[in-house]
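Asker: Residue numbers (the numbering used here), protein chains in the order written: chain W, 1 to 402; chain Y, 1 to 255. We treat Cβ as the ideally placed atom computed from N, Cα and C, and that holds for glycine. Everything numeric in this text was worked out from a predicted model, so none of it was measured.
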Amino acid sequence: MRVFATFRIALRALRRNKLRTLLTMLGIIIGVTAVIAAISIGNGAKVQVEAQVASLGQNVLTVFPGSFSTGGARGGWGSRSTLTAEDAQAIMREVDNVVAVSCEIRDRNQVLANGRNWNTSMMGESPDYLSIRAWGLTSGAMFTESDVRSAAKVCIIGKTVADELFNGQDPIGQTLRIRDIPFKILGVLQSKGVNFFGQDQDDTVVIPYTSAMRRVSGRDFLSAILIQADKAEHMERIQTEAAAVLQQRRGGREPDFTVRSQLELAEMATATAKTMTLLVGGVAAISLVVGGIGIMNIMLVSVTERTREIGIRMAIGARGRDILLQFLIEAVTLSIIGGVLGICGGILVSKIISAKADWPTVTSNTSIVVAFLFSAGVGIFFGFYPARKASKLDPIDALRYE
Amino acid sequence: MHNNAVIKLENIRKVYQTGEVEVHAVRGVSLDIARGEFVAIMGSSGSGKSTLMNTIGCLDRATAGEYYLDGVAVSALNRDELADIRNSKIGFVFQGFNLLSRTSALENVELPMLYVRHSVPRHEQIERATKALELVGLGGRIDHHPNQLSGGQQQRVAIARALVNQPALLLADEPTGNLDTQTSIEIMGVFQKLNEQGITIVMVTHELDIASFAKRNIIMRDGQVVSDKVVENRLDSATQLTRLREAHQSVKLSA
């Protein structure tokens with residue numbers, strides 16, 4: 001039987017009861033809208049988190065010192081003063097597939113320049129720091145290994161610091177005072193924005209870690225060691241091996257450090273978004289099933305109402321299969337139109353959420369295709385029983401039906 | 001002569017099972033209807049004429065006996081094959097017209113062509129449907145919907161629909177049951193005209209005067225044929241219409 005002609009018959013039948021058709025489709029429309037919107041919001045969150053994780057650098061592992069505990073009082077993570085530059089060198093030397101290591105010292109300090117002052121985060125780092133964090137300079141250059149050896153009084157500054165202290169002037173070559181020690185500004189970092197802990201990453205001054213230890217903070221232990229792996233698949237092994245190297249250097253003592261992988265951080269951050277997507281997606285799926293049941297219900301009513309029409313069609317030569325196809329196509333048309341309207345609605349809702357709630361949404365083509373196929377599937381699944389019922393009618397009984 | 005038979009029934013029986021009771025609706029009917037005949041089957045309700053009609057129309061299968069329609073042994077066919085036979089060899093006209101509502105006359109007439117196994121091109125569908133409507137005198141109303149047509153006109157659309165696939169047999173079940181006298185005679189006029197053009201017609205009716213427009217009358221009682229004879233004083237629709245108008249006229253004059 002000609003599918004196109006059947007499609008025309010289905011459309012005409014649906015046009016006849018416009019309100020009923022719309023109400024029947026509503027379940028599918030709402031379901032698909034919810035699915036598309038949920039996936040868009042989830043994807044948006046994922047993309048945002050991925051961008052933030054990527055801003056930490058590519059394939060980065062971080063060694064934190066363990067918690068300090070004495071006489072029953074316990075410090076928090078990183079309070080121990082046991083991590084040294086030698087530990088970092090040992091990791092670089094002994095663990096394979098490590099491409100860069102940076103010793104990190106974190107401190108907050110008041111800085112002065114150009115007659116202004118500003119409280120900012122001071123980072124003592126190795127020259128590899130920028131490549132590890134995939135961070136570029138807008139102008140100037142990074143300090144070098146020889147600056148580290150000589151604990152040179154040089155620094156590079158973040159965009160926020162540059163703006164606050166120099167207010168549009170070129171800071172390169174100018175002097176910045178940290179605890180009254182003059183540091184020469186070698187470069188300005190590109191803007192990285194806020195990280196997912198809410199910190200402004202551009203509010204920073206980076207100096208050689210040796211300078212931070214000897215000249216500013218006066219301490220000989222590190223806040224952290226950053227390790228960069230050449231490939232993501234080596235990160236797990238490097239995590240274990242770095243821990244083994246550090247443990248070996250500590251002999252039989254209890255481990256006083258933790259090695260964290262960027263992957264763990266990313267997983268933690270995306271877990272919430274995933275849960276939300278699953279939850280809304282689940283509710284939406286239920287709504288689709290309810291919509292499908294609505295279609296089945298209306299199709300059953302329609303078959304009963306049109307029993308006489310079915311009888312006429314059978315009398316003039318329609319096979320059971322022709323009748324089945326007619327009602328199945330009607331159900332599928334119903335659900336597909338609902339699906340398409342739902343997809344439009346979902347995109348619209350995503351756009352509104354993006355605009356009003358300042359939440360990034362990403363509508364993927366996959367989710368649109370899946371939603372479309374799913375709604376067609378709902379039509380076939382829930383339309384089949386009523387259509388089969390229609391096709392099994394006895395022509396004589398159907399013709400006599402009042 | 002057998003080659004010429006459109007319908008050949010051999011000892012047809014039909015038994016219905018209603019609950020515990022067996023109802024013998026048709027008890028051994030044998031019948032030959034030749035090409036070009038115009039047969040009226042009569043009988044009171046319960047005589048088995050409707051059951052026989054459903055069997056002839058391939059809507060139902062007999063419990064026993066053989067049925068050949070246009071040379072095809074119908075008794076052995078399955079549901080789908082019966083549907084194909086109904087589509088290609090039989091045109092139905094019902095008492096209640098059975099047109100699809102909110103569908104134009106033309107589309108109603110096109111309907112049987114939708115179910116033809118080898119599909120009919122769209123332009124040919126329109127052409128054939130228009131021709132069939134012209135044949136029954138509705139050429140000017142092809143876009144009208146059933147609710148815009150009178151009973152007689154609706155029945156004409158149904159006749160056009162029955163003819164559109166050029167069937168071997170036109171089967172009418174109480175075609176004038178819902179119509180007034182004048183329209184009934186007009187519809188009989190259409191039947192007589194079609195019969196003159198060579199179309200075989202089998203009609204079920206319980207009205208004797210309607211049966212008199214046919215060439216052959218078969219009377220059924222209790223599931224059996226009790227009378228089968230040629231109509232002697234056959235009525236002609238044109239004459240009957242004139243007579244009816246004169247009668248109306250005289251009623252008006254005397255009033």
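Anything in chain W within Cβ reach of Tyr115 (chain Y), meaning under 9 Å, just list it in chain order.
Answerer: Those are Met1, Arg313, Ile316, Gly317, Ala318, Arg319 and Asp322, listed as they occur along chain W.
Asker: Can you tell me whether DSSP reads Gly294 (chain W) as helix, strand or coil?
Answerer: Gly294 (chain W) falls in the helix class under three-state DSSP.
Asker: Can you find the residues in the same chain that come closer than 7 Å, C-beta to C-beta, to Ile9 (chain W), ignoring five residues on each side of it along the sequence?
Answerer: Around Ile9 (chain W): Gln326.
Asker: What residues of chain Y sit near Ile396 (chain W), judged by a beta carbon separation below 8 Å?
Answerer: Those within 8 Å of Ile396 (chain W) in chain Y are Asn54, Leu59 and Asp60.
Asker: CB Tyr115 (chain Y) to CB Gly320 (chain W), shorter than 7 Å?
Answerer: Their beta carbons are not under 7 Å apart, which means Tyr115 (chain Y) does not touch Gly320 (chain W) by this criterion.
Asker: Does any CB atom of chain Y fall closer than 7 Å to the CB of Glu309 (chain W)?
Answerer: Yes - at least one Cβ of chain Y is within 7 Å of the one on Glu309 (chain W).
Asker: Helix, strand or coil for Asn78 (chain Y)? Go by DSSP, reduced to three states.
Answerer: It is coil, neither helix nor strand.
Asker: Taking beta-carbon pairs under 7 Å, can you tell me which members of the region 361-394 of chain W lie near chain Y?
Answerer: So the list is empty, because no residue satisfies the distance condition.
Asker: Less than 7 Å between the C-beta atoms of Gly291 (chain W) and Gly27 (chain W), yes or no?
Answerer: Taking 7 Å as the Cβ cut-off, Gly291 (chain W) and Gly27 (chain W) qualify as a contacting pair.
Asker: For Asp222 (chain Y), which of Y:Cys58, Y:Ile56, Y:Gln148 and Y:Ser44 has the nearest alpha-carbon?
Answerer: For Asp222 (chain Y), the nearest C-alpha among the options comes from Y:Ser44.
Asker: For the region 8-22 of chain W, enumerate the residues whose C-beta is nearer than 7 Å to any C-beta of chain Y, in chain order.
Answerer: Residues passing the 7 Å Cβ filter: Arg16.
Asker: Helix, strand or coil for Met1 (chain Y)? Go by DSSP, reduced to three states.
Answerer: Because the pLDDT at Met1 (chain Y) is just 41, under 50, the model does not fix this residue reliably, and the value given afterwards should be weighed accordingly. Note: Met1 (chain Y) maps to coil in three-state DSSP.
Asker: By Cβ distance below 6 Å, which residues in the same chain neighbour Leu348 (chain W) in space, the five residues on each side in sequence not counted?
Answerer: Same-chain partners within the cutoff: there are none.
Asker: Measure how close the beta-carbons of Pro395 (chain W) and Met314 (chain W) come, nearest whole angstrom, since I'm counting them as under 8 Å.
Answerer: That belief holds up - the Cβ atoms of Pro395 (chain W) and Met314 (chain W) are roughly 4 Å apart, short of 8 Å.
Asker: For His2 (chain Y) and Leu59 (chain Y), I'd like the C-alpha separation in whole angstroms.
Answerer: In this prediction, His2 (chain Y) has a pLDDT of 48, which is less than 50 and means its spatial position is unreliable; nothing more can be read from the coordinates.
Asker: Please name the residue in Y:Ala132, Y:Asn195 and Y:Phe94 whose C-alpha comes closest to that of Leu163 (chain Y).
Answerer: Answer by Cα proximity: Y:Ala132.
Asker: Just verifying my parser: in three-state terms, what is the DSSP assignment at Pro208 (chain W)?
Answerer: In this structure, Pro208 (chain W) counts as strand in the three-state DSSP scheme.
Asker: Straight-line CA distance for Ala51 (chain W) to Arg179 (chain W)?
Answerer: Rounded to whole angstroms, Ala51 (chain W) to Arg179 (chain W) spans 35 Å at the Cα level.
Asker: Can you tell me the Cβ-Cβ gap for Val332 (chain W) and Ala376 (chain W), rounded? I've got them flagged as a contact below 8 Å.
Answerer: About 6 Å separates the two Cβ atoms, so the contact holds.
Asker: Can you check which of these residues, W:Val35, W:Ala37, W:Thr21 and W:Arg133, is closest to Leu226 (chain W) by C-alpha distance?
Answerer: That would be W:Arg133, whose Cα lies nearest to the Cα of Leu226 (chain W).
Asker: Does chain W have any CB closer than 7 Å to the CB of Leu171 (chain Y)?
Answerer: Not closer than 7 Å to any Cβ of chain W, the Cβ of Leu171 (chain Y) fails to qualify, so no.
Asker: Give the interface partners of Pro175 (chain Y) over in chain W, defined as CB-CB distance under 8 Å, in chain order.
Answerer: Ordered by position in chain W, no residue passes the 8 Å Cβ test against Pro175 (chain Y), which lies about 14 Å from the chain.
Asker: For Leu328 (chain W), I'd like the list of residues in its chain whose CB is within less than 6 Å of its CB, leaving aside the five on either flank, ordered along the chain.
Answerer: These residues qualify, in order along the chain: Gly383 and Ala387.
Asker: Assuming Ser302 (chain W) contacts Asn43 (chain W) under a Cβ cut-off of 8 Å, what Cβ separation, rounded to an integer in Å, is found between them?
Answerer: Not really, about 38 Å apart at Cβ, beyond 8 Å.
Asker: Have a look at Gly139 (chain Y) and Val157 (chain Y) and give me their C-alpha separation to the nearest angstrom.
Answerer: Each residue's Cα considered, the two are about 10 Å apart.
Asker: Taking a contact to mean a Cβ-Cβ separation below 7 Å, would you say Gly96 (chain Y) touches Leu170 (chain Y) in this structure?
Answerer: In this structure, Leu170 (chain Y) does not lie closer than 7 Å to Gly96 (chain Y) by Cβ.
Asker: So with Cβ pairs under 7 Å, would you call Pro112 (chain Y) a contact of chain W?
Answerer: Yes, Pro112 (chain Y) lies at the interface with chain W (some Cβ there is under 7 Å from its Cβ).
Asker: Per DSSP, Glu10 (chain Y) forms a beta bridge with which residues?
Answerer: In DSSP, Glu10 (chain Y) forms a bridge with Y:Glu66.
Asker: Tell me which residues share the same chain as Ala285 (chain W) and place their Cβ nearer than 6 Å to its Cβ, disregarding the 5 neighbours each side in the sequence.
Answerer: Cβ within range, chain order: n/a, list empty.
Asker: Which residue wins for smallest C-alpha separation from Arg87 (chain Y), given the options W:Gly31, W:Leu373 and W:Ile312?
Answerer: Here residue 87 (chain Y) is Asn; the residue named in the question, Arg, does not match the sequence. Nearest option by C-alpha distance: W:Ile312.
Asker: Please say whether Gly342 (chain W) and Val32 (chain W) have beta carbons closer to each other than 7 Å?
Answerer: For Val32 (chain W) and Gly342 (chain W), yes; Cβs fall inside 7 Å.
Asker: Just confirm the distance between the C-beta atoms of Leu265 (chain W) and Val53 (chain W), as a whole number of angstroms; I'd bet it's less than 8 Å.
Answerer: So it is a contact: roughly 6 Å between Cβ atoms.
Asker: Name the two residues that bound the continuous alpha helix (DSSP H) containing Val53 (chain W).
Answerer: Residues Lys18 to Ser55.
Asker: Mind checking whether Ala83 (chain Y) and Glu110 (chain Y) have CB atoms under 7 Å apart?
Answerer: No; because the gap between Cβ atoms is not below 7 Å, this pair is not in contact.
Asker: Considering only the alpha carbon of each residue, which of W:Gly193, W:Gln228 and W:Phe372 lies closest to Gln48 (chain W)?
Answerer: Nearest of W:Gly193, W:Gln228 and W:Phe372 to Gln48 (chain W), Cα basis: W:Gly193.
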